[in-house]
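Peer 1:
Numbering (mature numbering (1 follows the signal peptide of the UniProt record, and there is no 0)), first residue to last: -27 to -1, 1 to 76.
1) In the DSSP assignment, the alpha helix (DSSP H) including residue 17 goes from what residue to what residue?
2) Could you check whether the Cβ of residue 9 sits closer than 8 Å to any Cβ belonging to chain B?
3) Please return the same chain residues whose Cβ sits closer than 8 Å to the Cβ of residue 25, not counting the five positions on each side in sequence.
4) Hey, could you find the ends of the alpha helix (DSSP H) residue 39 is sitting in?
5) What does the alpha-carbon distance come out to for the pair residue 59 and residue 69?
6) Considering only C-alpha positions, which residue in the set 28, -21, 65, 37 is nearest to residue 9?
7) Measure the alpha-carbon distance for residue -21 versus residue 41 and round it to whole angstroms.
8) Does the beta-carbon distance from residue 46 to residue 4 come in below 8 Å?
9) Using DSSP bridges, identify the partner residues of residue 44.
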């Protein structure tokens, strides 16, 4: 009886660990996808020595940033190579416009 309870608890813990791990992996994959979209659609507004820093709220860049649910996770996905390409001041400006256009 006691061993069946232990086995039941172990199965529940394993199921809980599996479901939370798969959610985390999906969120990580989604953050990478969003980061890649931002690097593609926002390069005119965030790359150093390129374009301007005033995004049009109707452009794909602003739409991508506006619809992002995991902006913090996306920022953590920036690689060293990405950080050498982008201007953090321009990125901050784009995210500011994101919040402003969301209101």
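Ideal Cβ placement from N, Cα and C applies to all residues, glycine included.
Peer 2: So, from the data block:
1) 16 to 19
2) Of the chains in the structure shown, none is chain B; there is only one protein chain.
3) 17, 18
4) 33 to 40
5) 16 Å
6) 37
7) 41 Å
8) yes
9) Paired residues: none, contrary to the question.
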